[in-house]
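**Student:** Encoded as structure tokens, here's the structure I'll be asking about.
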Amino acid sequence: MDKGIGLYPLHRCKTIHLVRHAQGVHNVAGEKDHSAYSSEDYFDAQVTPLGWQQVDHLRNHVLETQLLNKVELVIVSPLLRTIQTAVGAFGGGEDSNGTDATPLMVANAGSSDRPAISGLNSPPFLAVELCRETMGDHPCDRRRSVTEYKAMFPAIDFSIIESDKDVLWKPSPRETPEEVAARGVEFIKWLWTRKEKEIAIVSHSGFLHGLLSSFGKDCVEDIKKELSIHFKNCELRSMVIVDQGNLGTDSTETTNYSGKVPRGLDHPSD
């Protein structure tokens, strides 16, 4: 047997769909002048008009591949650009008049000039601080209050965020790559406490790179290189994570079948 092939019980695996947010106004400014990332002008930066086009293309992909029907949960970093990307790609589509469902996004949220987005026929959305962007120094990575987000994105669950105000972001020092990577490992371990098996995660380039850099060390070079590539705006990559250390909470897979019921004599082996 090729030692590069692994075999694992399905209930010890999760499929995750990692997404980097669409282009934000800070990305445009930062490409012209890197010091712009330190400007308060880009506090909690929103998605650009081009970024919304990227979101629309991603949504088309999500629909065409039936991914929206498979995802059981959308986890989103609680920053404006990630939330806008998440609801645009995985939400219920444009909110039609006359529906009673709580919208995922109200019209024009975050200076978006976009119609409201419905929560109908969409997976649940959960905001999680562990998957935020590298923190410190850059105001674009500082979040606004949960109260403000709830007004713009009423159907998103912010309940596991402990503080209304951002108490994690500090002006300095900026998180080191090693600290971001450690946060990524903590995030993956937390995922095992969730019952969902197929999860979309909308986050940031720095966090996703830090998370992936913590894995793949036992893989061949080509896979290591694939994991180390930085995400483009609105890029989606699907991966499987495996619980090799019996960390998970599920003891059985729902598709497993225990055998003959009622019990009887087994046929002898050939």
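Start counting the sequence shown at 361; every next residue gets the next number (the working numbering). Positions of the beta carbon are idealized from the N, C-alpha and C atoms, including for glycine.
Which two residues bound the contiguous beta strand (DSSP E) that contains residue 377?
**Tutor:** As a position in the sequence shown, residue 377 is number 17, starting the count at 1. Counting along the chain, the beta strand (DSSP E) containing residue 377 begins and ends at 373-380.
**Student:** I want to see whether chain D comes within less than 7 angstroms of residue 549, judged by CB atoms only; does it?
**Tutor:** Within the model displayed, chain D is absent; a lone protein chain is all it includes.
**Student:** Mind checking who residue 485 pairs with in its DSSP beta bridge?
**Tutor:** Numbered from its first residue, the sequence shown carries residue 485 at position 125. For residue 485, the beta-bridge partners assigned by DSSP are 434.
**Student:** Between residue 518 and the rest of its own chain, which residues show a CB-CB distance below 8 angstroms, the 5 nearest in sequence each way excluded?
**Tutor:** Stepping through the sequence shown from its first residue, residue 518 is reached at position 158. Once the five neighbours on either side are set aside, the close Cβ partners of residue 518 are 438, 487, 506, 509, 510.
**Student:** Is it the case that the Cβ atoms of residue 418 and residue 446 are separated by a distance below 7 angstroms?
**Tutor:** Taking the first residue of the sequence shown as 1, we reach residue 418 at position 58. Taking the first residue of the sequence shown as 1, we reach residue 446 at position 86. Cβ atoms of residue 418 and residue 446: not closer than 7 angstroms.
**Student:** What is the DSSP secondary structure of residue 400, reduced to helix, strand or coil?
**Tutor:** Counting from one through the sequence shown, the residue named residue 400 turns up at place 40. Note: residue 400 maps to helix in three-state DSSP.
**Student:** Based on DSSP bridge pairs, tell me the residues matched to residue 522.
**Tutor:** As a working note, residue 522 is residue 162 in the sequence shown. Answer is none; residue 522 lacks a bridge partner.
**Student:** Where residue 588 and residue 536 are concerned, what is the direct C-alpha to C-alpha distance, given to the nearest angstrom?
**Tutor:** The residue given as residue 588 occupies position 228 in the sequence shown. The residue given as residue 536 occupies position 176 in the sequence shown. Roughly 17 angstroms separates the two Cα atoms.
**Student:** Taking residue 333 as the reference, which of 585, 395, 504, 516 has the closest Cα?
**Tutor:** No answer is possible for residue 333: it lies beyond the span of the chain, which begins at 361 and ends at 630.
**Student:** Restricting to Cα atoms, I'd like to know which of 432, 472, 453, 503 is closest to residue 485.
**Tutor:** As a first step, residue 485 must be located in the sequence shown, where it is residue number 125. Of 432, 472, 453, 503, the residue nearest in Cα terms is 432.
**Student:** For residue 600, which residues in the same chain have their Cβ closer than 6 angstroms to its Cβ, ignoring the five residues on either side in sequence?
**Tutor:** Sequence index remark: in the sequence shown, residue 600 carries index 240 (1-based). Excluding positions up to five away in sequence, the list reads 373, 375.
**Student:** Spatial neighbours of residue 402 within its chain, please: CB distance less than 7 angstroms, with the 5 preceding and 5 following residues excluded, ordered by chain position.
**Tutor:** For the purposes of this step, residue 402 is taken as the residue at position 42 of the sequence shown. 385, 386, 389, 396, 499, 500.
**Student:** Quick check: the Cα distance between residue 585 and residue 573, rounded to an integer number of angstroms?
**Tutor:** Along the sequence shown, one-based indexing puts residue 585 at 225. Along the sequence shown, one-based indexing puts residue 573 at 213. Distance between the alpha carbons of residue 585 and residue 573: 10 angstroms.
**Student:** If distances are taken between C-alpha atoms only, which option among 539, 468, 471, 366 comes closest to residue 493?
**Tutor:** On the sequence shown, position 133 is the one that residue 493 refers to. That would be 539, whose Cα lies nearest to the Cα of residue 493.
**Student:** Around the Cβ of residue 580, are there at least 16 other Cβ atoms within 10 angstroms (buried) or fewer (exposed)?
**Tutor:** As a position in the sequence shown, residue 580 is number 220, starting the count at 1. Looking at its Cβ environment, which holds fewer than 16 other Cβ atoms inside 10 Å, residue 580 is exposed.
**Student:** What did DSSP end up calling residue 596 once you bin it into helix, strand or coil?
**Tutor:** Numbered from its first residue, the sequence shown carries residue 596 at position 236. Reduced to three states, the DSSP call for residue 596 is strand.
**Student:** Between the Cα of residue 548 and the Cα atoms of 567, 409, 614, which residue gives the shortest distance?
**Tutor:** Looking up residue 548 in the sequence shown gives position 188. Answer by Cα proximity: 567.
**Student:** DSSP has residue 601 in a bridge; who is on the other side?
**Tutor:** Sequence index remark: in the sequence shown, residue 601 carries index 241 (1-based). DSSP, once it has assigned bridges, lists 374 as partnering residue 601.
**Student:** Rounded to the nearest angstrom, what separates residue 475 and residue 454 at their Cα positions?
**Tutor:** As a working mapping, residue 475 is identified with position 115 in the sequence shown. As a working mapping, residue 454 is identified with position 94 in the sequence shown. If you take the alpha carbons of residue 475 and residue 454, they lie about 6 angstroms apart.
**Student:** Measure the Cβ-Cβ separation of residue 483 and residue 434 and say whether it is below 7 angstroms.
**Tutor:** Along the sequence shown, one-based indexing puts residue 483 at 123. Along the sequence shown, one-based indexing puts residue 434 at 74. In contact: residue 483 and residue 434 (Cβ atoms closer than 7 angstroms).
**Student:** For residue 497, tell me which candidate among 463, 532, 469 has the shortest Cα-Cα distance.
**Tutor:** Locating residue 497 in the sequence shown gives position 137, counting from the first residue. When only C-alpha atoms are compared, the closest one is 532.
**Student:** Where are the alpha helix (DSSP H) runs, 4 residues long or more, that stay fully inside the stretch 537-565, in chain order?
**Tutor:** 537-551
**Student:** Verify whether the separation of the beta carbon atoms of residue 461 and residue 594 is less than 7 angstroms.
**Tutor:** Residue mapping note: residue 461 aligns to position 101 of the sequence shown, counting from 1. Residue mapping note: residue 594 aligns to position 234 of the sequence shown, counting from 1. Against a cut-off of 7 angstroms, the Cβ pair of residue 594 and residue 461 comes out as no contact.
**Student:** By Cβ distance below 8 angstroms, which residues in the same chain neighbour residue 490 in space, the five residues on each side in sequence not counted?
**Tutor:** Taking the first residue of the sequence shown as position 1, residue 490 is located at position 130. Closer than 8 angstroms at the Cβ level, and outside the excluded window around residue 490, lie 543, 546, 547, 550.
**Student:** List the residues that DSSP assigns as beta-bridge partners of residue 407.
**Tutor:** Residue numbering aside, residue 407 sits at position 47 when the sequence shown is read from its first letter. The partner list for residue 407 (beta bridge, DSSP) reads 384.
**Student:** Excluding the 5 residues flanking residue 468 on each side, which residues of the same chain have their C-beta closer than 8 angstroms to its C-beta?
**Tutor:** On the sequence shown, residue 468 is found 108 positions in, with the first residue counted as 1. Closer than 8 angstroms at the Cβ level, and outside the excluded window around residue 468, lie 474.
**Student:** Roughly how many angstroms separate the alpha carbons of residue 369 and residue 430, rounded to a whole number?
**Tutor:** Sequence index remark: in the sequence shown, residue 369 carries index 9 (1-based). Sequence index remark: in the sequence shown, residue 430 carries index 70 (1-based). Taking the straight line joining both Cα atoms gives about 19 angstroms.
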